[in-house]
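Notes for the one structure printed next.
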Amino acid sequence: MIGTVAGLDELTAEMTAWRRDLHAHPETAFEEQRTSDFVAEKLTSFGLEVHRGLAKTGVVGILRNGDGPTVGFRADMDALHIHEETNLPHSSRNPGRMHACGHDGHTAMLLGAARYLTENPDTFQGTIAFIFQPAEENEGGGRVMVEEGLFDRFPVEKVFGMHNWPGLEVGRIALRPGPLMAAYDIFELTLTGKGTHAGMPHMGTDTIMVGSQIVSAFQTIASRSVHPIDSAVVSVTQFHAGDTWNVLPATAVLRGTVRTFRPEVQDLVQRRMGEVATAIAGGFGVEANLRYERRYPPTTNSAAETELARRAAALTVGENQLDLDPMPSMGAEDFSFMLQKRPGCYVWVGAGPSDQGRNLHSPHYDFNDAVLPIGTSYWVRLAETVLPK
282 MIGTVAGLDE LTAEMTAWRR DLHAHPETAF EEQRTSDFVA EKLTSFGLEV
332 HRGLAKTGVV GILRNGDGPT VGFRADMDAL HIHEETNLPH SSRNPGRMHA
382 CGHDGHTAML LGAARYLTEN PDTFQGTIAF IFQPAEENEG GGRVMVEEGL
432 FDRFPVEKVF GMHNWPGLEV GRIALRPGPL MAAYDIFELT LTGKGTHAGM
482 PHMGTDTIMV GSQIVSAFQT IASRSVHPID SAVVSVTQFH AGDTWNVLPA
532 TAVLRGTVRT FRPEVQDLVQ RRMGEVATAI AGGFGVEANL RYERRYPPTT
582 NSAAETELAR RAAALTVGEN QLDLDPMPSM GAEDFSFMLQ KRPGCYVWVG
632 AGPSDQGRNL HSPHYDFNDA VLPIGTSYWV RLAETVLPK
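Residue numbers (my numbering): 282 to 670.
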């Protein structure tokens with residue numbers, strides 16, 4: 282039968298309360314102590330075997346139901362350094378921190394699935410590791426969990442993830458094999474020259490002018506160095522230089538991010554950034570030092586596991602509500618580290634309109650609670666599909 286699983290009405294009310302409690306108490310990377318305690322207490326009350334300590338605040342709940350494979354279902358728990366402006370009754374009580382990406386909803390849905398599957402063991406056979414991951418935003422909690430032995434301690438054969446997606450209608454699910462989200466890199470370019478009086482520019486080297494030319498030249502990397510069929514984004518997001526009105530500063534610092542889908546493109550962009558910055562700066566007698574850091578690899582779904590996820594999604598919302606060829610996002614996701622170690626699939630679950638500030642990472646965003654029964658049902662259908670009786 283297509284649709285949300287039976288008996289979710291009461292559980293949805295509880296998930297809504299859980300979600301709003303988590304929303305009111307947001308915690309950022311590796312500081313999710315209250316959230317971790319909340320998750321562990323719920324899993325324990327459901328009767329699961331609970332493990333803590335991976336990546337400081339990570340939690341893994343193990344549900345065993347007879348012989349069979351082991352699979353991993355993952356949700357992220359952390360919030361962002363954003364001051365909330367929703368003015369909702371469950372608004373953040375932690376100034377400067379906010380669940381502006383829906384991880385409160387992701388946590389609530391996976392908790393709901395853990396409870397439902399515990400109470401309905403006839404729906405699957407095997408073992409599920411419910412993975413609650415810290416520090417998805419910028420700090421790579423998924424990478425840390427993997428490095429600290431997540432899949433050694435819990436040898437899952439496949440791993441699955443989910444994210445709510447504003448702009449996609451509620452009741453729709455989007456997925457595709459191959460890259461769904463981009464690699465996430467950061468860079469810092471330091472320009473060092475000779476400072477001088479602003480009225481005597483010929484006596485020094487103008488690092489602001491040099492930096493401005495480099496900002497413009499960086500945009501030619503995607504348009505002139507990368508193959509037109511490939512995708513790349515180079516964004517300078519910070520430019521720091523100078524302290525007063527009448528001095529051309531000796532140093533300038535540019536920072537930003539690079540997004541790509543293929544390692545070959547990632548290599549090319551990094552190399553060209555160094556070449557462009559060095560050539561332009563050198564032409565004006567300025568030294569350029571580029572620090573380039575690869576944060577997250579692309580989030581790449583494996584074909585077989587994407588087919589399993591498609592079947593589960595179709596059982597949840599119907600075939601006509603699936604988007605099987607969504608445009609990949611230049612956003613990034615550290616679930617990618619888990620997908621590097623195990624085959625799996627990451628899906629987007631529609632969260633409704635993204636206008637009026639309801640987009641991800643906005644101070645006006647709030648997770649749409651109408652998604653809770655849909656996401657939970659998807660997890661249950663996925664357990665039935667991947668671990669059939």
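Note that beta-carbon positions come from the ideal geometry of N, C-alpha and C, so glycine has one too.
For residue i, I'd like the list of residues in its chain whose CB is within less than 6 Å of its CB, leaving aside the five on either flank, ordered along the chain.
{"i": "Thr559", "result": "Ala569"}
{"i": "Ala590", "result": "Leu456, Cys626, Val628"}
{"i": "Gly347", "result": "Gln406"}
{"i": "His332", "result": "Val341"}
{"i": "Tyr465", "result": "Arg576, Tyr577, Ala613"}
{"i": "Gly383", "result": "Asn445, Phe648"}
{"i": "Ser506", "result": "Arg553"}
{"i": "Gly353", "result": "Ala410, Ile412, Val437, Val440"}
Please report how far the alpha carbon of residue i lies from the alpha carbon of residue j, in whole angstroms.
{"i": "Met426", "j": "Ala562", "result": "40 Å"}
{"i": "His645", "j": "Leu535", "result": "29 Å"}
{"i": "Gly476", "j": "Leu470", "result": "18 Å"}
{"i": "Leu335", "j": "Thr285", "result": "32 Å"}
{"i": "Asp357", "j": "Gly339", "result": "9 Å"}
{"i": "Leu620", "j": "Glu291", "result": "34 Å"}
{"i": "Ala463", "j": "Thr580", "result": "6 Å"}
{"i": "Pro482", "j": "Leu472", "result": "17 Å"}
{"i": "Asp606", "j": "Pro458", "result": "9 Å"}
{"i": "Thr404", "j": "Trp660", "result": "12 Å"}
{"i": "Leu461", "j": "Val528", "result": "47 Å"}
{"i": "Val515", "j": "Ala632", "result": "28 Å"}
{"i": "Ile495", "j": "Thr501", "result": "10 Å"}
{"i": "Glu450", "j": "Gly638", "result": "16 Å"}
{"i": "Gly349", "j": "Ser610", "result": "35 Å"}
{"i": "Ser373", "j": "Ala503", "result": "39 Å"}
{"i": "Lys323", "j": "Thr399", "result": "12 Å"}
{"i": "Gly480", "j": "Arg315", "result": "56 Å"}
{"i": "Arg424", "j": "Ser326", "result": "29 Å"}
{"i": "Phe618", "j": "Val557", "result": "30 Å"}
{"i": "Leu571", "j": "Trp526", "result": "27 Å"}
Would a C-beta distance cut-off of 8 Å place residue i and residue j closer than the cut-off?
{"i": "Pro376", "j": "Ala310", "result": "no"}
{"i": "Ala533", "j": "Ile489", "result": "yes"}
{"i": "Ala593", "j": "Thr666", "result": "yes"}
{"i": "Asp647", "j": "Leu369", "result": "yes"}
{"i": "Ala513", "j": "Arg540", "result": "yes"}
{"i": "Ile343", "j": "Thr408", "result": "yes"}
{"i": "Gly422", "j": "Asp615", "result": "yes"}
{"i": "Gly537", "j": "Val517", "result": "yes"}
{"i": "Phe441", "j": "Arg355", "result": "yes"}
{"i": "Ala531", "j": "Gly474", "result": "yes"}
{"i": "Thr597", "j": "Ile655", "result": "yes"}
{"i": "Gly448", "j": "Ser635", "result": "yes"}
Starting from residue i and walking both ways along the beta strand (DSSP E), at which residues does that stretch end?
{"i": "Leu391", "result": "It is not in any beta strand (DSSP E) - Leu391 instead sits in the alpha helix (DSSP H) that spans 384-400."}
{"i": "Ile510", "result": "Unbroken run through Ile510: none, as it is neither H nor E."}
{"i": "Met490", "result": "Looking at the DSSP string, Met490 is not in any beta strand (DSSP E); the run it does join, the alpha helix (DSSP H), is 488-501."}
{"i": "Met443", "result": "439-446"}
{"i": "Arg333", "result": "330-333"}
DSSP three-state call for residue i: helix, strand or coil?
{"i": "Lys670", "result": "coil"}
{"i": "Tyr573", "result": "strand"}
{"i": "Thr285", "result": "coil"}
{"i": "Ala632", "result": "coil"}
{"i": "Gln414", "result": "strand"}
{"i": "Glu568", "result": "strand"}
{"i": "Asn346", "result": "strand"}
{"i": "Glu420", "result": "coil"}
{"i": "His364", "result": "coil"}
{"i": "Arg540", "result": "strand"}
{"i": "Leu663", "result": "helix"}
{"i": "Ala613", "result": "coil"}
{"i": "Gln519", "result": "strand"}
{"i": "Leu529", "result": "strand"}
{"i": "Asp604", "result": "strand"}
What are the boundary residues of the alpha helix (DSSP H) that residue i is part of?
{"i": "Ile561", "result": "544-564"}
{"i": "Phe319", "result": "314-327"}
{"i": "Leu620", "result": "617-622"}
{"i": "Leu470", "result": "Taken as a continuous stretch (DSSP letters only), Leu470 belongs to no alpha helix (DSSP H), being part of the beta strand (DSSP E) at 464-473."}
{"i": "Thr587", "result": "584-598"}
{"i": "Asp357", "result": "Run containing Asp357: none in the alpha helix (DSSP H); it sits in the beta strand (DSSP E), 351-357."}
{"i": "His306", "result": "Premise fails: His306 is in no alpha helix (DSSP H) and is neither H nor E."}
{"i": "Arg378", "result": "Counting along the chain, Arg378 falls outside any alpha helix (DSSP H), and DSSP gives it neither H nor E."}
{"i": "Leu431", "result": "431-434"}
Whose C-beta lies closer than 7 Å to the C-beta of residue i among residues of the same chain, with five residues either side of it excluded?
{"i": "Trp299", "result": "Ala389, Leu392"}
{"i": "Arg543", "result": "Asp511"}
{"i": "Pro436", "result": "Thr351"}
{"i": "Ala595", "result": "Leu603"}
{"i": "Glu420", "result": "Ala310, Phe311"}
Who are the Cβ neighbours of residue i in its own chain at under 8 Å, not counting the five residues just before and after it?
{"i": "Leu653", "result": "Thr293, Met296, Thr297, Arg300, Gly386, Ala389, Met390, Gly393"}
{"i": "Thr367", "result": "Pro644, His645, Tyr646, Asp647"}
{"i": "His642", "result": "Leu361, Ile363, Ala381, Cys382"}
{"i": "Ser317", "result": "Arg333, Thr338, Gly339, Val340, Met358, Phe413, Pro415"}
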